[in-house]
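Worksheet for the structure shown next.
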Amino acid sequence: MSDFLVIVESPAKAKTIERYLGKKYKVKASMGHIRDLPKSQMGIDIENQYAPKYITIRGKGPVLKEIKTAAKKAKKIFLAADPDREGEAIAWHLANSLNLDTTSNCRVVFNEITKDAIKESFKYPRPIDMDLVDAQQARRILDRLVGYNISPLLWKKVKKGLSAGRVQSVAVRLIIEREKEIKSFEPKEYWTIEGDFLKGKETFEAAFYGIGAKKLELQSEEEVKNILNKLSDNVFTITTVTKKERKRNPAPPFTTSSLQQEAARKLNFRAKKTMMLSQQLYEGIDLGKEGTVGLITYMRTDSTRVSEIAQTEAREYIESAFGKEYYQGAVKREKKQVNAQDAHEAIRPTSSLREPSKMKQFLSRDQFRLYKLIWERFLASQMSPAVMDTMSVDLQNGEVVFRATGSAVKFPGFMKVYVEGSDDQIEEKDGLLPDLKVGDKIFNKDINPKQHFTQPPPRYTEARLVKALEELGIGRPSTYAPTLDTIQKRGYVALENKRFVPTELGEIVMGLILEFFPEIIDVEFTAKMEKDLDDVEAGKENWVAIIDHFYRDFEPRLEKAEKEMEKVEIKDEPAGEDCQECGNPMVFKMGRYGKFMACSNFPDCRNTKPIVKEIGVKCPKCKEGNIIERKSKKRRIFYGCDTFPNCDFISWDKPISRSCPKCEGLLVEKKLKKGIQVQCTECDYKEKQQS
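Residue numbers in the sequence shown follow our numbering, run continuously in steps of one, and reach 691 at the last position.
Dropping the structure here:
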């Protein structure tokens with residue numbers, strides 16, 4: 001008989017914790033929630049203060065039976081689900097299922113799964129926090145009231161299988177509105193003038209700044225010609241030289257949102273993948289002799305706060321590895337966002353001493369890459385600012401002023417470990433300018449006017465959308481990845497070149513919701529609802545009152561929509577070819593992974609086929625087939641012969657139509673970190689990298 005029973009969500013977490021606690025403790029996994037609202041009905045008694053009707057989740061009977069059997073043998077039961085609203089609700093459902101007193105000290109929480117953190121947390125068990133439970137219940141009930149009322153309406157009026165959630169609907173609206181901005185965008189012409197200049201034998205670049213001290217934007221070729229006509233000769237005079245020392249501060253450690261964004265930028269990870277891998281790193285990795293250890297702190301957080309213990313350990317590591325000058329001292333805490341809960345620490349390694357290189361042998365390739373990212377970001381956040389030497393120089397010819405800027409790293413500081421990525425591909429020109437002084441005469445080698453046009457706002461990538469949702473106060477750390485997954489599964493949006501594009505279905509559904517339920521996709525309304533849920537968690541608001549206030553406005557809108565919403569027929573777009581099996585026309589359909597072709601005689605004929613994308617290159621192997629773009633089971637693009645299986649040619653890099661000038665071999669476009677390089681698959685021939 002075990003003296004104590006500890007219940008967590010996952011077997012991996014159970015295995016790690018049981019090893020730390022010793023023989024007196026038995027640790028069982030609930031495999032997530034034990035109870036939930038029924039799928040087959042609303043499950044909410046609206047007339048009885050929105051009381052939820054919980055049932056044991058189908059398939060969880062054996063798990064619950066095993067836990068109950070273990071509970072009867074234990075002297076004391078501890079509920080150790082994750083330290084957030086969802087975890088608190090899981091603990092509360094377990095307490096109810098096991099007839100535990102929720103006011104007893106049965107709840108244990110910890111932010112990291114390490115021996116010290118686990119043992120310390122068991123010294124201070126507490127009652128279940130009903131404010132946290134109520135906040136989770138309120139969100140679940142709100143989502144159920146919206147989903148189970150609007151979704152059947154959409155099934156009747158549009159098509160089966162549709163859904164309408166609060167957060168997902170706002171996300172789709174943002175994508176649709178961005179697409180409208182792009183389509184209505186009118187590009188404006190502007191010009192730049194760049195020049196190459198000589199100081200002795202040293203060359204540097206400068207760009208047109210203005211006339212005299214006045215900065216001037218060039219809007220037309222005529223204006224450019226006027227500026228060039230003002231130049232008397234090729235000699236410019238240095239009129240000002242400004243040298244400064246600029247500090248660059250490190251980024252704070254990761255929150256859930258910033259981790260998803262940076263993993264997308266630097267590792268090309270989808271939000272869902274990032275959360276899956278971080279869950280594994282949090283719950284525990286087998287480190288051989290050291291046993292199973294959680295490598296990072298809890299991964300659902302909106303705080304950049306770091307414990308004093310972690311700061312101290314980081315300081316010791318930084319001073320030992322790099323020198324005292326690389327430690328920046330007490331880190332000033334970032335200003336807390338208005339909508340941040342700040343319940344947990346930032347995402348960080350559980351120990352700075354576990355260097356990625358030492359962990360690599362125990363981790364999968366993707367686990368290692370994500371752990372390395374988290375470790376480097378945290379360590380950099382505790383390091384000294386980088387110091388940059390900057391120089392700005394004005395060169396004048398008559399009234400015309402050109403300006404040159406340059407910078408060089410004087411002291412790398414945190415940049416020795418990590419530099420934050422960016423969604424905006426801005427090319428920074430590093431390197432200081434030549435030694436220039438006021439009065440120096442500089443020779444102009446070349447003047448190069450360039451025409452440009454303003455660009456529309458970019459479509460949302462997953463990283464950009466997560467950032468937008470966070471800034472608007474929509475959703476919470478635990479909701480970003482499921483939201484992005486859901487809007488794609490429903491066919492409301494599709495990913496094209498890793499950017500979200502609304503589908504016709506998405507635009508139709510959101511149009512109907514906007515007409516009949518405007519508050520559901522209103523950004524301010526949804527953000528206020530998140531704030532109300534935070535107030536429930538803080539004990540400032542009653543969850544029933546918040547739901548009642550929402551439902552009193554929602555119910556009449558629902559009745560109106562039932563009567564007035566017209567049925568929408570979505571016609572399939574003809575694919576321009578007939579079905580090979582029954583002869584009926586093929587049409588384009590939208591699936592989870594984008595468009596595909598299907599027989600219009602569905603369900604009598606279920607023939608489908610992928611949309612073949614030719615790239616205009618003959619197969620280099622069989623010389624007969626054409627190379628087409630394909631996708632692997634993991635949705636990764638590769639290139640193969642359209643005569644497969646007769647020809648098995650494949651390439652992960654995109655072939656091009658030209659042959660290698662050196663050996664006549666196949667040329668491919670190799671994707672590098674900062675652009676594309678054309679290179680030969682047979683010899684060492686390479687072309688200059690393209691940005």
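We treat Cβ as the ideally placed atom computed from N, Cα and C, and that holds for glycine.
Starting from the Cα of Ile656, find the closest Cα among Gly616, Leu198 and Asp642 and give me that residue.
Gly616
What is the DSSP secondary structure of Trp375, reduced to helix, strand or coil?
helix
Which runs of the beta strand (DSSP E) at least 3 residues long sit entirely within the region 16–46? Give them in chain order.
Counting whole runs of 3 or more residues, the region 16–46 contains the beta strand (DSSP E) stretches 25–29.
In the structure shown, what three-state DSSP assignment does Arg636 receive?
coil
Span of the alpha helix (DSSP H), counted from its first residue to its last, around Arg348:
Per DSSP, Arg348 belongs to no alpha helix (DSSP H) and is neither H nor E.
Would Leu672 be called buried (16 or more neighbouring beta carbons within 10 Å of its own) or exposed?
With fewer than 16 other Cβ atoms within 10 Å, it is exposed.
In the DSSP output, which residue or residues are listed as bridge partners for Ala206?
Bridge partners of Ala206: Gly195.
Cβ-based burial, Val235 [other Cβ within 10 Å; buried from 16]
Around the C-beta of Val235, fewer than 16 other C-beta atoms lie within 10 Å, and the residue is accordingly described as exposed.
Separation of Leu153 from Ser163, as counted between CA atoms:
In this structure, the CA atom of Ser163 is about 9 angstroms from the CA atom of Leu153.
Three-state class that DSSP yields for Tyr326 in the structure shown
helix
Confirm, please, whether the CB-CB distance from Glu112 to Ile285 is below 9 angstroms.
Remark: C-beta atoms of Ile285 and Glu112 do not approach each other more closely than 9 angstroms.
Tell me which same chain residues have a C-beta within less than 7 angstroms of the C-beta of Gly431, skipping the five on either side of it?
Gly406 and Ala408
Between Phe402 and Leu198, is the Cβ-Cβ spacing less than 9 angstroms?
no
Taking a contact to mean a Cβ-Cβ separation below 9 angstroms, would you say Tyr298 touches Asp82 in this structure?
yes
Cβ of Gly291 within 9 angstroms of any chain D Cβ:
You won't find chain D in this structure, because it holds only one protein chain.
Starting from the C-beta of Met388, find all residues in its chain whose C-beta is less than 8 angstroms away, skip the five residues before and the five after it, and write them out in chain order.
Glu245, Arg246, Lys247, Arg248, Ser407, Ala408, Val409 and Lys410
Have a look at Ile67 and Lys272 and give me their C-alpha separation to the nearest angstrom.
30 angstroms
Does DSSP put Lys671 in a helix, a strand or coil?
strand
Whole angstroms is fine: what's the gap from Cys106's alpha carbon to Lys13's?
The straight-line gap from Cα to Cα measures roughly 18 angstroms.
Could you give the residue range of the beta strand (DSSP E) that holds Met388?
Ala386 to Asn397
Our contact map puts Glu515 next to Ile570 with C-beta atoms below 8 angstroms; I'd like the distance itself, whole angstroms only.
So it is not a contact: roughly 17 angstroms between Cβ atoms.
At the level of alpha carbons, what is the spacing between Leu474 and Asn584?
Checking the sequence shown, residue 474 turns out to be Ile, not Leu. If you take the alpha carbons of Ile474 and Asn584, they lie about 45 angstroms apart.
Between which two residues does the alpha helix (DSSP H) carrying Ser357 extend?
Pro356 to Met359
Counted within 10 angstroms of its Cβ, other Cβ atoms place Thr301 as buried (16 or more) or exposed
buried
First and last residue of the beta strand (DSSP E) that includes Asn444?
Lys441 to Phe453
Which of helix, strand or coil does DSSP assign to Asn626?
strand
Can you give me the start and stop residues for the alpha helix (DSSP H) that Ser151 sits inside?
Met130 to Lys157 is the extent of the alpha helix (DSSP H) around Ser151.
For Tyr209 and Arg552, the rounded distance between their alpha carbons:
Across the structure, Arg552 and Tyr209 are spaced so that their CA atoms are roughly 60 angstroms apart.
Using a Cβ-Cβ cutoff of less than 7 angstroms, which residues in the same chain neighbour Ile176 once the five nearest sequence positions on both sides are dropped?
Pro502, Gly506, Glu507 and Met510
For the beta strand (DSSP E) containing Leu108, list its first residue and its last residue.
The question names Leu, yet the displayed sequence has Val at residue 108. It is not in any beta strand (DSSP E) - Val108 carries neither H nor E in the DSSP assignment.
Are the CB atoms of Asp131 and Gly539 within a distance shorter than 9 angstroms?
Between Gly539 and Asp131, the CB-CB gap stays under 9 angstroms.
Whole-angstrom C-beta distance between Met391 and Leu363, which should lie under 8 angstroms
The pair is not a contact, with the Cβ atoms about 44 angstroms apart (cut-off 8 angstroms).
Check the C-beta distance from Ala310 over to Glu420 and give it rounded, since I have them as a contact under 8 angstroms.
Not a contact, Cβ separation roughly 20 angstroms.
Would Gly640 pass as a contact of Asp648 if the rule is Cβ separation under 9 angstroms?
Cβ distance < 9 angstroms, so Gly640 and Asp648 count as in contact.
Residue range of the unbroken alpha helix (DSSP H) whose run includes Ile309
Glu308 to Ala321
Within the chosen definition, does the region 165–182 reach the region 524–539 through at least 3 CB pairs nearer than 8 angstroms?
yes
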